[in-house]
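Note sheet for the following structure.
Residue numbers (mature numbering (1 follows the signal peptide of the UniProt record, and there is no 0)): -25 to -1, 1 to 185.
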């Protein structure tokens, strides 16, 4: 009888130890690194944190790109807004519509990045006059002259000024591609280079330069 009781106690002790080992293995993981800090699985990381990590952190070049491109795009949209009532060519009106359709959403994206970075978004209509002539920006006189033109004169002025404007944007985008670190910003810069380079060629053909 004593021998039987001893056997039962030993069996119970073995079972208890086995259960404890099982619990330790379940809590501690297998050491493969899939458990994060505090025992949380890596899969429990928030999607926003994962997305932020994949996009990368921004740097001063990204901020400069966004702050420079917003007023630059706004001026292009302002120029394009003149075309429906002043352009003599349907092709110029179509080009202007394409420019506005592409650049208005980019302004919103650039503004959103600056806000998320805690940076000030350039105020609409608050143009730093030192920016005129930089990056292909039009002067007040050039914008006024374009606004006063119509028909064929408008078409020629619009195309010539927009080519210069696009060339400035492409140069700004190349700087961002070279120096920026924020994934979405460098991606947008690449898209600007491709789309606006193609539009430059399109405008040159309309001017009869090619």
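Glycine included, C-beta positions come from ideal geometry on N, C-alpha and C.
Three-way DSSP call (helix, strand, coil) for residue i in this model
i: residue 84; result: helix
i: residue 8; result: Low local confidence applies: a pLDDT of 39 at residue 8 is under 50, so the model's placement there is unreliable, and no value is given.
i: residue 145; result: helix
i: residue 112; result: coil
i: residue 94; result: coil
i: residue 99; result: coil
i: residue 155; result: coil
i: residue 135; result: helix
Separation of residue j from residue i, as counted between CA atoms
i: residue 179; j: residue 172; result: 11 Å
i: residue 181; j: residue 64; result: 10 Å
i: residue 120; j: residue 36; result: 34 Å
i: residue 152; j: residue 59; result: 34 Å
i: residue 80; j: residue 128; result: 29 Å
i: residue 96; j: residue 124; result: 32 Å
i: residue 115; j: residue 159; result: 32 Å
i: residue 177; j: residue 110; result: 20 Å
i: residue 89; j: residue 126; result: 39 Å
i: residue 53; j: residue 69; result: 15 Å
i: residue 183; j: residue 149; result: 27 Å
i: residue 166; j: residue 130; result: 26 Å
CB of residue i within 8 Å of CB of residue j, strictly
i: residue 141; j: residue 113; result: no
i: residue 82; j: residue 55; result: no
i: residue 49; j: residue 98; result: no
i: residue 138; j: residue 168; result: no
i: residue 51; j: residue 62; result: no
i: residue 147; j: residue 31; result: no
i: residue 57; j: residue 155; result: no
i: residue 38; j: residue 117; result: no
i: residue 86; j: residue 45; result: yes
Residue i: first and last residue of the uninterrupted alpha helix (DSSP H) it sits in
i: residue 48; result: 35 to 61
i: residue 158; result: 158 to 182
i: residue 31; result: Per DSSP, residue 31 belongs to no alpha helix (DSSP H) and is neither H nor E.
i: residue 118; result: 115 to 123
Rounded distance between the beta-carbons of residue j and residue i, thought under 8 Å
i: residue 144; j: residue 47; result: 6 Å
i: residue 134; j: residue 67; result: 7 Å
i: residue 40; j: residue 164; result: 7 Å
i: residue 170; j: residue 77; result: 6 Å
Residue i: CB within 7 Å of a non-hydrogen atom of the ligand FMN
i: residue 181; result: For the structure depicted, the ligand FMN is absent and the ligand set is empty, with no information on it obtainable.
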